[in-house]
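What follows is a short report on a single structure.
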Amino acid sequence: MRTFAIPTLFLALVRLFPFGTQAAGSGYATAHRLPTDTRPESYELRFVLPDLDGTESTFAGVTKITVAVLRTVDAITLNLKDLEVTNVTVTDVKLCRDVVVRELEYRSGDEQLEIRLGRPVLADRNYSVTVSYGGRIRTDDTGLYKSSYAEGDAIKWLAVTQFQPVYARRAFPCYDEPAYKAVYDVSVVKKKHQIALSNMPVREIVPGQNGTDVVYFESTPPMSSYLVAIYVGEFIPNRFDSQITIYTHKTYINQTSYIGAEAPKHLNALSDYTGIKYTLPKMDLLAVPDLSFGAMENWGINTYREKYLLLHDETKTKMKMTASIIVQHEFTHQWFGNLVTCAWWDYTWLNEGFAEYFQYFATKLVRPNWPVEEMFLIEAHQSALSYDQEPRHPITTSVNTPDEIDSVFDWITYKKAASVLRMLRYLVTEELFQLSLRNYLNKYREKYVAKPMDLFASFDSTLCDENYTIGNDLSVHVFMSNWTLQSGYPVLKIAKNETSNTYSVTQNRFLIELADGGSIDDGAAWHVGLTFTTERDKNFTRTRPLFWTDRISKSTEVPAPPNSGWYIFNVRSIGFYRVNYDMDNWIALIEQLNRSPADIHVLNRAQLISDSFNLARAGHLNYTVPLLLSKYLRNENSVTPWYSVKDCFSYLLEHMSYGVNGHEALKAYVSRLAGIVYNKLETHVTSGDDGYYVKSAWDAFSKWACELDNKDCTTRALEYFNKWQTGERIPADVKDAAFCAGIRNDPDTSTFDKMFSLYTTTTSISEKTSVESALGCSANRTQLYRFINHILDGPQGPIKVKDFKSVIASVASTSLGLDVLHEFLSTNLNRTLNELPNGQEIAKYIYSILATKMTDRVQIEKLQNLKNTTIIPESVRQSFEKSFKKVNDRKLWLEKYSEVINQWMLENQEPLEEETITTAASTESTITTEIKSTVSSITISAPFSTVSPKPSNATYNVQNCRTVLLVTILLLIVNKCIL
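Count the sequence shown with mature numbering (1 follows the signal peptide of the UniProt record, and there is no 0) and you get residues -23 to -1, 1 to 956, in order.
Below, the structure written as structure tokens:
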């Protein structure tokens, strides 16, 4: 048994010394990276946690590192931050002889402790470095931090760790870089009534002094410092199989069954897919009350926000789906990240991109009935396209400082990287994708860390063995480097040359236009594998490219099938790019969508919606085209394209928000669209369709339609709310809409108070999120201000730190709420910055929302004055300045596009009483029944007629549709010129 004592004198000194940073050293002289002349072989870590109660809890620690010296040096450098070192010894392991420690220098800028020695330590020898230290148990969700929860009338405290990416140094001196893998022996001193957990199972518990136990854990495999974890508290376990145990507090232990049943399947899914069994003997899942992010993949002891592990019997379907996906994400890391780790944070996507990819496609192995590729398209692929159409960093990017490292954990690293991996998977086939990953993991699990070139080499070697080429004389290395080392993505402009019977493909970087000139093209180009289908063959299974763009030349000619009709490039939206067409093809596609949308693959229908609206946003396409395309949605019976519709129209509504000319007409049009999908889903659910995807969509689109004041949705939601008020059980998936409608339409304070009381007492996290969202729907200024003001009540207040942002978002959902938020921030800026544990982050978040959504001139002047106040820290001011630029971006967008949209809306509005016609027409066919093709004509219901009101079943021929579009565009152009 390895053990080492902590002297009583040291424990006394820990309590006497002030905790914090030592004197500043040499700043950024070493560019934040550790010297490469030593490396850790193993650690012995001792954490002493005598008392978790109160706000000033401290801990003591001893770190003993066996260090291999690679070059003779006279100093050993470790990472360390916010810890008070009390003693350091350096010992030659072979001779058991101490080396004199001459002095210690703490370089605060680099977060490093340099141990300067009286004589050099020699190359090719091992030395033991023992550091005794103390520190405060943190409250900012980093390092070793504390959290609390209520159990009856008692407040229970716990300590838990969060070390990714560079926070291990806040809990113990270490080599806090991912490439420095080592074996860890962890021990924890805790009170007898508590439990202690770490990465490995408990090896031994030894009684300590003063009512404590010392818990020793088994040795870990070699791993990076950011994956080390401990927990101390009073959680109780619920074991589900020989490996998986879920820990939470007593109140919620009966809500672990859903994930308890799902988790073993998800762990086995990756074991089977990779051919490598899960390495560690156990997997603990901890539901942590305060976690500022979703979850963390610490090897053998994953931590989660409570909502991802604790699922009530009446939890919303979408929360169950999300919980399964998040668990799969963290389990994927046990292979991609823990077993094989990125060599440095430049390559974070090797961890997070694979986890994001497999959280969908490994879930498919567990839940074969879930349409995970459709979910991936909306939640990952299209989200990444939207995020990356402003100037961003490449997937592989250079980072050095802790702030830079932290900032790279974004949608480029997660969602874009996963989308590029999906593109690679289709290039090489699923079979070779899996085989290449198995080869990669097996090879680099022995070397522990990897770089992108190692991944690409594994693919190229596998493809060589299988005599397979991806095309265009490309290696995987060249293809993937093109996509990972270059920021942004292309837009392909496709035009058909009828004379030569070819498609002309022109590529440019796709960027939306920003007020600061962010849309300038820089000549970037990509290797793009071209896939397409046509009206004649409608083949959406041919996903392997037959042609490629030339990265040297922006234009490429592709043979076109004769007499093929319309054409769609990027089959099933596999490629990470957008596509624009000449006007004739857009019209032909719109005609097809109105005749028979099911003839176009559902993923491409979603693509056409997303691409057309974003092309218009960037100035590549007249907004008339996506707006006219949206008329086909009366016949759209698949949920997935509707998510694209919701996203695109939400952007328009946000940018043409309250007070802007045309906003009300736009809202009325979108409200009718939302009513169509709402009624279809309502029919499905009430007729007994209990499919996960349908029920989760019912939740999303009920909330959307009711937010838009759709009459059908509001009426039905109030019926549900009234039932709930009388004690009748209503479906969890309609509570978002019902609660919001109830609060918004009932000015009685008692209703708001009843809902707020439910927010503080319900044991269903799903219900709590529904209530939280609904409280922001209030039309009463006093109620909203009282709600948001609770974030200042402190740690024991009704709103927890982890919920601050979601509460703010709830209040920001209405124009009144935005005004309340502005008043709150202006009045309480000092308190927010100084009293909240994450005050600067919250202030920046509120300001960013206000800058994004406020359009009134007076409000904008107030925002400008707020950012120019002299009381705010410089880092906050810089964030406010950056957010305020969104005001100019919105102004530019309004100047360019609002009149076109307003004009189209004025010409396409219908009397509100005809909304019932839409409802009747939309319910004739169900979500799963495809509309029969009417090749020679297009049927358009009343609310979707063109130019002037028509009877609800008016029929137009194809030529009329074409003519209407062209005339509309010409009228808009002429009107704009006159103005």
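We put the beta carbon where it would ideally sit given N, CA and C, even for glycine.
The beta strand (DSSP E) with residue i in it runs from where to where?
| i | result |
| --- | --- |
| Lys133 | Ala131 to Gln139 |
| Gln89 | Gln89 to Val98 |
| Asn485 | Thr479 to Arg486 |
| Val160 | Val160 to Lys168 |
| Gly38 | Thr35 to Val46 |
| Tyr558 | Arg555 to Tyr558 |
| Thr54 | Val50 to Asn56 |
| Val76 | Arg74 to Val76 |
| Asp261 | Met260 to Val265 |
| Ser875 | No beta strand (DSSP E) contains Ser875, which DSSP labels as neither H nor E. |
| Thr225 | Ile221 to Thr225 |
Given a cut-off of 7 Å on the beta-carbon distance, is the pair residue i and residue j in contact?
| i | j | result |
| --- | --- | --- |
| Cys151 | Asn56 | yes |
| Gly271 | Met400 | no |
| Thr43 | Glu18 | yes |
| Ala131 | Ile114 | no |
| Gln141 | Tyr203 | yes |
| Val556 | Asp588 | yes |
| Tyr544 | Phe509 | yes |
| Trp460 | Val397 | yes |
| Leu469 | Val482 | yes |
| Ala264 | Glu239 | no |
| Tyr144 | Thr116 | no |
| Phe678 | Leu695 | no |
| Arg147 | Lys71 | no |
| Tyr445 | Asp431 | no |
| Leu99 | Arg79 | no |
| Phe36 | Val165 | no |
Take residue i and list the residues in its own chain whose beta-carbon comes closer than 7 Å to its own, dropping the five residues that flank it on each side.
| i | result |
| --- | --- |
| Lys782 | Tyr822 |
| Asp28 | Ser34 |
| Gly563 | It is Trp, not Gly, that sits at residue 563 in the sequence shown. Answer for Trp563: Val602, listed in chain order. |
| Asp383 | Pro142 |
| Val647 | Phe626, Leu630 and Leu685 |
| Pro538 | Thr511 and Arg513 |
Who are the near neighbours of residue i in its chain, counting only those whose CB is closer than 6 Å to its CB and skipping five residues on each side?
| i | result |
| --- | --- |
| Val935 | Caution applies to Val935, whose pLDDT of 42 falls short of 50 and renders its modelled position unreliable; the model cannot decide the point. |
| Asn638 | Asn879 |
| Val163 | Leu22, Ser175 and Phe194 |
| Met200 | Lys158 and Trp276 |
| Val944 | Note on Val944: pLDDT 46, under 50, position unreliable in the model; the coordinate value appears next. Excluding residues within five positions, none has a Cβ falling inside 6 Å. |
| Val654 | Trp619 and Phe678 |
| Pro775 | Thr737 and His767 |
| Pro379 | Val143 |
Considering just the uninterrupted stretch of the alpha helix (DSSP H) at residue i, what are its terminal residues?
| i | result |
| --- | --- |
| Asp69 | Premise fails: Asp69 lies in the beta strand (DSSP E), Glu61 to Asp69, not in any alpha helix (DSSP H). |
| Ile765 | Arg758 to Asn766 |
| Asn815 | Run containing Asn815: none; DSSP gives neither H nor E here. |
| Ser607 | Looking at the DSSP string, Ser607 is not in any alpha helix (DSSP H), and its letter there is neither H nor E. |
| Ser435 | Pro429 to Asp442 |
| Val505 | Here Val505 belongs to no alpha helix (DSSP H), and DSSP marks it neither H nor E. |
| Asn865 | Glu851 to Trp870 |
| Thr660 | His640 to Thr663 |
My guess is that residue i and residue j are in contact by the Cβ rule of under 8 Å, so how many angstroms apart are they, rounded?
| i | j | result |
| --- | --- | --- |
| Met831 | Leu840 | 6 Å |
| Ser755 | Asp713 | Wrong, their Cβ atoms sit about 15 Å apart, outside the cutoff. |
| Tyr670 | Val622 | Tyr670 to Val622, Cβ: 16 Å. No contact. |
| Thr233 | Leu286 | 6 Å |
| Gly465 | Leu488 | 7 Å |
| Ser363 | Asn591 | 7 Å |
| Ile765 | Leu798 | 7 Å |
| Lys392 | Ala339 | Contact flag wrong, Cβ pair sits at about 16 Å. |
Counting only the same chain and skipping the five closest in sequence on each side, list residues whose C-beta sits under 8 Å from that of residue i.
| i | result |
| --- | --- |
| Ser673 | Lys293, Thr294, Lys295, Met298 and Asp710 |
| Glu475 | none |
| Leu412 | Thr439 and Glu443 |
| Leu802 | Thr809, Ala820, Ile823, Tyr824, Leu827 and Leu843 |
| Gly495 | Unreliable placement is indicated for Gly495, whose pLDDT of 49 sits below 50; the coordinate value is still reported in the next sentence. Result list for Gly495: Glu367, Pro368, Leu488 and Ile489, in chain order. |
Checking contacts by CB at 7 Å: is residue i closer than that to chain D?
| i | result |
| --- | --- |
| Ile720 | Within the model displayed, chain D is absent; a lone protein chain is all it includes. |
Enumerated in chain order, which unbroken segments of the alpha helix (DSSP H) with a length of 4 residues or greater are wholly contained in the segment 676 to 729? 688 to 702 and 712 to 722
Contiguous beta strand (DSSP E) assignments of at least 3 residues, all confined to the segment 307 to 331: none
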